[in-house]
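There are 4 protein chains.
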Amino acid sequence: MNTFLVPVPQPPFMYTPEESARFFSADAFAREMGVELVMVAPGRARVKMEVADRHRNSHGTVHGGALFTLADTAFALASNSHGVPAAAINAHISYMKAALRGTLTADAEEFALNPKLASYTVQVTDENGERIAIFQGMVYRKTPRQR
Amino acid sequence: MNTFLVPVPQPPFMYTPEESARFFSADAFAREMGVELVMVAPGRARVKMEVADRHRNSHGTVHGGALFTLADTAFALASNSHGVPAAAINAHISYMKAALRGTLTADAEEFALNPKLASYTVQVTDENGERIAIFQGMVYRKTPRQR
Amino acid sequence: MNTFLVPVPQPPFMYTPEESARFFSADAFAREMGVELVMVAPGRARVKMEVADRHRNSHGTVHGGALFTLADTAFALASNSHGVPAAAINAHISYMKAALRGTLTADAEEFALNPKLASYTVQVTDENGERIAIFQGMVYRKTPRQR
Amino acid sequence: MNTFLVPVPQPPFMYTPEESARFFSADAFAREMGVELVMVAPGRARVKMEVADRHRNSHGTVHGGALFTLADTAFALASNSHGVPAAAINAHISYMKAALRGTLTADAEEFALNPKLASYTVQVTDENGERIAIFQGMVYRKTPRQR
């Protein structure tokens, strides 16, 4: 059987807003970082974060790790939105502009969904709509075997 | 003038251990995360982090953003070790094993150094030497113009 | 002077369709691969390629290098479309579905444009609109200095 | 059952030099590109390519797609060296120096091997030992289920 050719099963259930909120609130690190949930829908998610001094690096701008965490949290919500546990296996981020202050937003969008793998693009923008970073991530999905 | 063909100038000064410690201690986010400096040398750096509950994601393992931040901090120290300010422009991370507990270490090593660009590979391992993640990052260097 | 804060100069000229065609026809490797130019506009480009047996890998599907080359050619056209020479400095590709036959299309879109750096996303689809791969690339731009 | 915790089974067989040569000779695209096999060992591979005019891009240097293909071929050989079919799922490449002429070599090395996923780093150098590019790739492995 070739995993890549199995048709994508309809998700047995979809996360409800309550389930998404519970998933997010179990994410200790994202909360510690000050990330807030804005929205989750099948294959999509939006989160935001208010820049604080504790997010800064040695150059005084928002740390790459903080921008990555913001994007990664949107990616986790979007990729787990189909009711199948999804674990990140790789991610790529390009930084286009230093972030300095205000509220940053990360929007995750699904590019493709397979039974075992799925990929997402996340855009990080500041409150003026300036494009700060773009992120591309892939998950391994624990889709139950078909019987 | 083709930037890529300019010979790499000898760095006008090398960070001393004191300068590296000062650079690191200015990194508010890394300290907030619990990252500790182990070593910096020209083009290399090692940092470590003790896993705590606040580093965990919704699956209970260490958050991708925390692993990325650990690797990114080693990358920042290594790429700024030549005395020329270096800003991360992109990074890629592959996660090979979930991290659960104990002390994680990130080792950054320079792959290549140009006047304007440099690239680094960072390996993240746990205290049993298990390979957790591999990271590849590139910086834009603000090398002063030759006169 | 901080390069990242310089306002983006208006391109001194825009590639005309004739100039884009000339740029593309100078790309020996893309032509060798069978890549064809469909369209170039400022910050965007589309190319296509008919799958042939010489594009296949040991598994009989289209080689990752052939898919990458197709995406990379769209990326080169889009990033050089502003009349400033742009050299690729890094790229990331995620493969979501094996490509087997027919015509593949790559669409490049600009995410952000700075004087020195710009980034692009490229989607590769087959003739049924199936999403084959997604590519993210960054260029270093040889924008002339302001006087 | 958690796929990530399954111990790595000993490969039922290891490719012999003859099998590696057969695997490589089935790679139509790599041969078309002029890639030559130098060596394959468990988790490692080396290939080379003589730069020819057909490998050049519009700037006259070796095309990113040609450098990627060279690295990708070493990656395919290394990741398929354990006797379990491995399909590339993503790859990242950083270009550090333009390649102009002579023989280019790509060396792939395994970073980590799981039953379902494995990751590799590939270095591309020219005949003077100059570092041209670094590549990081991940495969999905079709490891047979344990019974």
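Residue numbers (the working numbering), protein chains in the order written: chain A, 1 to 147; chain B, 1001 to 1147; chain C, 2001 to 2147; chain D, 3001 to 3147.
Note that beta-carbon positions come from the ideal geometry of N, C-alpha and C, so glycine has one too.
Given this structure, state the Cα-to-Cα distance separating Ser3079/D from Leu1113/B, to the nearest angstrom.
The sequence position of residue 3079/D within the fourth sequence is 79, counting from 1. The sequence position of residue 1113/B within the second sequence is 113, counting from 1. Each residue's alpha carbon lies about 29 Å from the other.
Inter-stretch contact at 8 Å, needing at least 3 Cβ pairs: the stretch 52-60 of chain A / the stretch 113-130 of chain A
no
In the DSSP assignment, find the unbroken beta strand (DSSP E) run with Leu1067/B in it and report its ends.
Position 67 of the second sequence holds residue 1067/B. No beta strand (DSSP E) contains Leu1067/B, which is instead part of the alpha helix (DSSP H) from 1064-1079.
Please confirm if Ala1088/B has its CB atom under 8 Å from at least one CB of chain D.
Looking up residue 1088/B in the second sequence gives position 88. Not one chain D Cβ lies under 8 Å of Ala1088/B.
Residue-level contact to chain A via CB, Met3138/D, 8 Å cutoff:
In the fourth sequence, residue 3138/D corresponds to position 138, counting from 1. Judged by the 8 Å Cβ criterion, Met3138/D is in contact with chain A.
In the DSSP assignment, the beta strand (DSSP E) including Ser1020/B goes from what residue to what residue?
Your numbering for residue 1020/B matches position 20 in the second sequence. Element bounds for Ser1020/B: not the beta strand (DSSP E) but the alpha helix (DSSP H), 1017-1025.
Contact list for the stretch 99-120 of chain A against chain D, Cβ threshold 9 Å:
Lys116, Leu117, Ser119
Tell me the DSSP secondary structure of Ala2041/C in three-state form.
Here residue 2041/C refers to the residue found at position 41 when the third sequence is read from its first residue. Ala2041/C falls in the strand class under three-state DSSP.
Could you tell me which chain B residues have their CB closer than 7 Å to the CB of Ala66/A, listed as they occur along the chain?
Start at 1 with the first residue of the first sequence, and residue 66/A comes out as number 66. In chain order: Phe1029.
Tell me the DSSP secondary structure of His3059/D in three-state form.
Against the fourth sequence, residue 3059/D aligns to sequence position 59. Coil.
Nearest chain A C-beta to Ser2094/C closer than 8 Å, yes or no?
Residue 2094/C sits at position 94 when you count from the first residue of the third sequence. True, the Cβ-Cβ gap to chain A drops below 8 Å.
Please check if any C-beta of chain C sits within less than 8 Å of the C-beta of Arg3141/D.
Position 141 of the fourth sequence, counted from the start, is the residue given in the question as residue 3141/D. Taking Cβ atoms only, chain C never reaches closer than 8 Å to Arg3141/D, which makes this a no.
Where does Arg2101/C sit, in a helix, a strand or coil, going by DSSP?
Within the third sequence, numbered from 1, the residue matching residue 2101/C stands at position 101. Coil at Arg2101/C, not helix or strand.
How close, in whole Å, do the beta carbons of Gly3065/D and Asp2072/C come, if the pair is a contact with beta carbons under 8 Å?
Position 65 of the fourth sequence, counted from the first residue, corresponds to residue 3065/D. Position 72 of the third sequence, counted from the first residue, corresponds to residue 2072/C. The pair is a contact, with the Cβ atoms about 5 Å apart (cut-off 8 Å).
Using the beta-carbon of each residue, which ones in chain C are nearer than 7 Å to Arg131/A?
For this step, residue 131/A is matched to residue 131 along the first sequence. Chain C residues near Arg131/A: Phe2111, Ala2112.
Identify the residues that DSSP records as bridge partners of Val1122/B: which are they?
As a working mapping, residue 1122/B is identified with position 122 in the second sequence. Val1122/B is bridged to Ala1108/B, Phe1135/B.
Below 6 Å CB to CB, which residues in the same chain sit around Ala3106/D once its five sequence neighbours on both sides are set aside?
Numbered from 1 along the fourth sequence, position 106 holds the residue referred to as residue 3106/D. Closer than 6 Å at Cβ, skipping near neighbours: Val3047, Leu3070, Ala3071, Ala3074, Val3122, Val3124.
Inter-stretch contact (C-beta, 8 Å, three-pair minimum) for the stretch 2029-2037 of chain C and the stretch 2135-2146 of chain C
no
Considering Ala2088/C, what are the terminal residues of the beta strand (DSSP E) in which it resides?
By 1-based counting over the third sequence, the position of residue 2088/C is 88. Run containing Ala2088/C: 2086-2095, per the beta strand (DSSP E) assignment.
Give me the residue from Glu19/A, Met96/A, Ile89/A with the minimum Cα distance to Ile1093/B.
Walking along the second sequence from the start, residue 1093/B turns up at place 93. The option with the nearest alpha carbon to Ile1093/B is Ile89/A.
Can you tell me whether Ala21/A is buried or exposed, with buried defined as 16 or more other CB within 10 angstroms of its CB?
As a first step, residue 21/A is located in the first sequence; it is residue number 21 there, counting from the start. Ala21/A comes out exposed.
Counting only C-beta atoms, is Pro12/A closer than 8 Å to chain D at any point?
Numbered from its first residue, the first sequence carries residue 12/A at position 12. With a pLDDT of 39 at Pro12/A, under the threshold of 50, the predicted position of this residue should be treated as unreliable, though the coordinate-derived value follows. No - not a single Cβ of chain D is within 8 Å of the one on Pro12/A.
How many Å lie between Arg2979/D and Pro2085/C at the Cα?
Because residue 2979/D is not part of the residues shown, which for chain D are 3001 to 3147, the question remains open.
Hey, could you find the ends of the alpha helix (DSSP H) Glu1130/B is sitting in?
One-based indexing of the second sequence puts residue 1130/B at position 130. Unbroken run through Glu1130/B: none, as it is neither H nor E.
May I have the straight-line CA-CA distance separating Phe1111/B from Met2039/C, to the nearest angstrom?
In the second sequence, residue 1111/B corresponds to position 111, counting from 1. In the third sequence, residue 2039/C corresponds to position 39, counting from 1. Taking the straight line from one Cα to the other gives about 37 Å.
Taking buried to mean at least 16 other C-beta atoms within 10 Å of its own C-beta, is Pro3017/D buried or exposed?
As a working mapping, residue 3017/D is identified with position 17 in the fourth sequence. With fewer than 16 other Cβ atoms within 10 Å, it is exposed.
Might you give, ordered along the chain, the residues of its own chain that have their beta carbon closer than 6 Å to the beta carbon of Tyr1095/B, omitting 5 neighbours on each side?
Here residue 1095/B is taken as the residue at index 95 of the second sequence, counted from 1. Contacts found: Ala1133.
Cβ neighbour criterion (16 or more within 10 Å) applied to Gly83/A
Numbered from 1 along the first sequence, position 83 holds the residue referred to as residue 83/A. Classification for Gly83/A: exposed.
Same chain only: Cβ atoms within 6 Å of Tyr140/A, ignoring 5 sequence neighbours per side:
The residue labelled residue 140/A in the question sits at position 140 within the first sequence. Excluding positions up to five away in sequence, the list reads Ala87, Ile89.
Where do the ends of the alpha helix (DSSP H) carrying Arg3054/D lie?
By 1-based counting over the fourth sequence, the position of residue 3054/D is 54. Element bounds for Arg3054/D: n/a, residue is neither H nor E.
From the DSSP output, read off the bridge partner residues of Glu1036/B.
As a first step, residue 1036/B is located in the second sequence; it is residue number 36 there, counting from the start. Its beta-bridge partners are Lys1048/B.
Given 7 Å as the limit, tell me if Gln2123/C has its C-beta closer than that to any heavy atom belonging to the ligand GDP.
Although the ligand GDP was asked about, the structure shown includes no ligands whatsoever.
Exposed or buried, which one is Gly137/A when buried takes at least 16 other CB atoms within 10 Å?
The residue labelled residue 137/A in the question sits at position 137 within the first sequence. Buried is the call here.
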